[in-house]
């Protein structure tokens, strides 16, 4: 921020909070991701804003704040679609499936399979793997044999 590179500063905030989430420091990740979300929203950098929405939703979902997380998933997914950022669009939809399965929404399995196919068609190997993994978790959450 001090050198004027606002865009990368915003992405750094998101990635830092995402790393805290990844190592299980959810209580530290939540306020940092919330700050990243608000700073990105106010910045005018739509790509930073869309991924901040999705990653903030991920943290909230992991904290069990699923109904709140769904609001941020929708915001990030909608913006990703508007700016044609397919990778973030699919990433948000895949994570959203996991949250939907917390509410026993059977569509979560179908949606994750569709996202897997779409990621496969686009060559997004990481997202294919994520969708497959989350599909298993969704099925488990819904009481299906995995």
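Numbering (the numbering used here), first residue to last: 3 to 148.
Don't be surprised by glycine CBs; every beta carbon is placed ideally from N, CA and C.
Computed from a predicted structure; not experimentally measured.
Buried or exposed (CB count within 10 angstroms, at least 16 for buried), residue i
i           : result
residue 93  : buried
residue 6   : exposed
residue 25  : exposed
residue 73  : exposed
residue 140 : buried
residue 41  : buried
residue 57  : buried
8 Å CB neighbourhood of residue i in its chain, flanking five on each side removed
i           : result
residue 108 : 144
residue 91  : 79, 82 and 83
Same chain, Cβ closer than 6 Å to residue i, neighbours up to 5 away in sequence not counted
i          : result
residue 15 : 38
residue 11 : 3
N- and C-terminal bounds of the alpha helix (DSSP H) containing residue i
i           : result
residue 136 : 127-143
residue 60  : 48-64
residue 120 : 109-124
residue 14  : 8-24
residue 1   : Here the chain has residues from 3 to 148 only, and residue 1 is not among them.
residue 79  : 68-84
Within-7 Å CB hit, residue i to chain D
i           : result
residue 139 : Annotation note: the requested chain D is absent from the structure, which comprises a single protein chain.
Residues near residue i by beta carbon distance below 7 Å, same chain, minus five either side
i          : result
residue 48 : 81 and 85
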